[in-house]
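>
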Amino acid sequence: MATPPPGAAEVVVPVHDGEKKGATEQQIDPWNVEAGHDAQGNALAIDYLALSQKWATKLIDDELLQRFERLTGHKPHRWLRRGLFFSHRDFDNILNKYERGEPFFMYTGRGPSTDALHLGHTIPFSFTKWLQDVFDVPLVIMLTGEQLKDDEKALFKDNLTFEDTYKFGLQNAKDIIACGF
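My numbering applies: residue 27 is where the sequence shown begins, and numbers increase by one.
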């Protein structure tokens with residue numbers, strides 16, 4: 027079973043909703059987070075192990091963080107040490123390549139849906155910039171928009187056109203550059 031980030035206690039929050047009867051499982055997807063509930067209707071702590079299994083990721087553990095520090099000579103980012111990021115996909119493979127001196131690059135992106143980034147958008151970009159600096163590797167940042175006629179934001183958000191995503195992409199590029207790129 028996955029443990030909460032260091033220093034965090036497992037939390038059970040009472041739910042004062044008379045309609046909550048019987049146990050329910052957590053429901054988490056890209057758009058919603060709904061805690062599971064016990065039979066009394068109390069919200070349960072997020073099950074990080076279940077999320078990792080559902081999304082086919084590996085939990086970030088002390089062994090991985092120690093290996094990162096040993097190979098790079100850098101302490102793991104404070105967000106890794108504090109458990110803000112709890113799982114990964116292929117970070118161990120990146121460390122393997124880094125250890126063997128093999129080239130690699132990083133790739134990330136943004137599907138613009140507003141004209142400004144909020145904290146939830148800037149955290150991954152700030153972390154990515156830190157990783158780019160530590161590994162000293164090229165980085166590709168893909169901004170989707172009007173040029174991609176299947177842009178997910180324009181397809182899934184009401185009243186958002188491909189032209190809007192293009193304009194937002196231009197504005198978002200400025201915010202991304204401000205993260206140090």
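Glycine is no exception: its CB is placed at the ideal position from the N, C-alpha and C atoms.
No experiment lies behind these values; they were computed from the predicted model shown.
Measuring straight from C-alpha to C-alpha, what distance separates residue 192 and residue 139?
As a working mapping, residue 192 is identified with position 166 in the sequence shown. As a working mapping, residue 139 is identified with position 113 in the sequence shown. Cα to Cα, the separation comes out at about 9 Å.
> Give me, in chain order, the residues of the same chain whose beta-carbon lies closer than 6 Å to that of residue 62; leave out the 5 immediate sequence neighbours on both sides.
By 1-based counting over the sequence shown, the position of residue 62 is 36. Answer for residue 62: 50, 51, 52 and 70, listed in chain order.
> Within the same chain, show all residues whose beta-carbon is closer than 7 Å to that of residue 172, passing over the 5 residues directly before and after it, in chain order.
Translated into positions along the sequence shown, residue 172 becomes position 146. With a pLDDT of 49 at residue 172, under the threshold of 50, the modelled position of this residue cannot be trusted; read the value that follows with caution. These residues qualify, in order along the chain: 188, 189, 191 and 192.
> Cα separation between residue 86 and residue 120?
In the sequence shown, residue 86 corresponds to position 60, counting from 1. In the sequence shown, residue 120 corresponds to position 94, counting from 1. Distance between the alpha carbons of residue 86 and residue 120 is about 14 Å.
> In this structure, how does DSSP classify residue 155 when only helix, strand and coil are distinguished?
As a working note, residue 155 is residue 129 in the sequence shown. Residue 155: helix per DSSP, three-state reduction.
> Once the 5 residues before and after residue 148 are set aside, which same chain residues still bring their CB inside 8 Å of it?
If you number the sequence shown from 1, residue 148 lands on position 122. Here the set comprises 201 and 205.
> Name the DSSP beta bridge partners of residue 53, please?
As a working note, residue 53 is residue 27 in the sequence shown. Per DSSP, 60.
> Does residue 167 come out as helix, strand or coil in the three-state DSSP assignment?
Start at 1 with the first residue of the sequence shown, and residue 167 comes out as number 141. DSSP places residue 167 in strand when its eight states are reduced to three.
> Among 135, 161 and 186, which has the Cα closest to the Cα of residue 198?
For the purposes of this step, residue 198 is identified with residue 172 of the sequence shown, where counting begins at 1. Ranking the options by Cα distance to residue 198, first place goes to 135.
> Do three or more CB pairs link the segment 155 to 169 to the segment 124 to 132 at distances below 8 Å?
Segments in contact, yes.
> Let me know if residue 151 comes out buried or exposed under the rule of 16 or more other beta-carbons within 10 Å of its beta-carbon.
Translated into positions along the sequence shown, residue 151 becomes position 125. Residue 151 is buried by the Cβ-count criterion.
> So residue 207 and residue 155 are supposed to be a Cβ contact under 8 Å. How far apart are they, rounded?
Here residue 207 refers to the residue found at position 181 when the sequence shown is read from its first residue. Here residue 155 refers to the residue found at position 129 when the sequence shown is read from its first residue. The Cβ separation is near 6 Å, so the contact holds.
> Express the C-alpha separation of residue 113 and residue 65 in angstroms, rounding to a whole number.
On the sequence shown, position 39 is the one that residue 65 refers to. On the sequence shown, position 87 is the one that residue 113 refers to. Roughly 29 Å separates the two Cα atoms.
> Among 98, 99 and 90, which one has its Cα closest to the Cα of residue 106?
Residue 106 sits at position 80 when you count from the first residue of the sequence shown. The shortest C-alpha separation from residue 106 is found at 90.
> Taking only three categories from DSSP, how would you classify residue 187?
Taking the first residue of the sequence shown as position 1, residue 187 is located at position 161. Reduced to three states, the DSSP call for residue 187 is coil.
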